[in-house]
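Remarks on the structure that follows.
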């Protein structure tokens, strides 16, 4: 193990900004549970782990070392420095620099749709002919994005299409909200309208989550075969151009009680995924 240098601490500060993450192809992961999940999943590579001195002889560090994290990638610093670098008020004292995986093209994502997530069992996983993608239209809240990514992994979604205007999925707040699920599902950045039309041409049904009264109730029978669920911006909903995609189907989640006028975006996609998988 090593002592963190000033140059390394400066790098940690830079990784809060998208341009530096893109230039260096690394992102910042904070919190023990996030780091532990990344190490356990073995999908992403941790370049360096920074901890405060208090964690040097803790069981959590022993677990990470036993799980494959190399000791020469671990750096120590004092608690006040970790707190300064942290994005949270009450930091747990764990910060990791993680390599950003290569993003997929739309073609490769569609071709590999059946292997993006290893299912727990055939009972609760999507099958190849019922593959599911998520397309996100200007999702801007980091907490929502992180929760959507984690939800997608939970339900075995084969990939995420990120439209223009979406928050960076390697933003520290997104990574923290995903609690280690970042990198567990394939993703591609695309102009959504064109990407969805391409999906249609390859046999995917485009299914829009839309709160409009004339949308079909989600409790209705859903079409068979591969699906793309499209989720709109938190406050504005779906872009008008996406609603005009020919042969797309709009669905609304039925409100059961008065008192609120909308549903959280991450919650909405979770309901749609549960409906798709468990009530075929």
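In the working numbering, the protein residues as written are 125 to 404.
Glycine included, every Cβ here is placed at the ideal spot set by N, Cα and C.
Quick caveat: nothing in here was measured; it's all calculated off a predicted structure.
For residue 307, the CB contacts under 6 Å within the same chain, skipping 5 residues up- and downstream, are 167, 168, 225 in chain order.
The beta-carbon separation of residue 157 and residue 217, rounded to 13 Å, does not stay under the 8 Å limit for a contact. For residue 155, the CB contacts under 7 Å within the same chain, skipping 5 residues up- and downstream, are 216, 218, 300 in chain order. DSSP places residue 125 in the coil class of the three-state scheme, outside both helix and strand. When the beta-carbon positions are compared, residue 137 and residue 171 stay at least 8 Å from each other. Per DSSP, residue 212 lies in no alpha helix (DSSP H) segment and is marked neither H nor E. 297 is the residue among 292, 147, 280, 297 whose C-alpha sits nearest the C-alpha of residue 213. For residue 391, the enclosing alpha helix (DSSP H) starts and ends at 389-402. Beta-bridge partners of residue 341 (DSSP): 376. Only buried fits residue 290, as 16 or more other CB atoms lie within 10 angstroms of its CB. Straight across, the Cα-Cα distance linking residue 230 with residue 325 is about 13 Å. As the crow flies, the alpha-carbon of residue 372 is around 23 Å from that of residue 310.
About 6 Å separates the Cβ atoms of residue 222 and residue 150, confirming a contact at the 8 Å cut-off. Annotation: residue 143 to residue 135 spans about 12 Å, alpha carbon to alpha carbon.
The way I'd put it, the segment 257-266 does touch the segment 350-363; three or more beta-carbon pairs between them come closer than 8 Å.
Take the alpha-carbon of residue 313 and the one of residue 211: they are about 26 Å apart. Around the C-beta of residue 394, 16 or more other C-beta atoms lie within 10 Å, and the residue is accordingly described as buried. In this structure, residue 286 keeps its C-beta atom at 8 Å or more from the C-beta atom of residue 257. Closest in C-alpha terms to residue 343, from the list 400, 194, 184, comes 400.
Rounded to whole angstroms, the Cβ separation of residue 335 and residue 360 is 11 Å, and the two are not in contact under 8 Å.
For residue 272, the enclosing alpha helix (DSSP H) has its first and last residue at 266-278.
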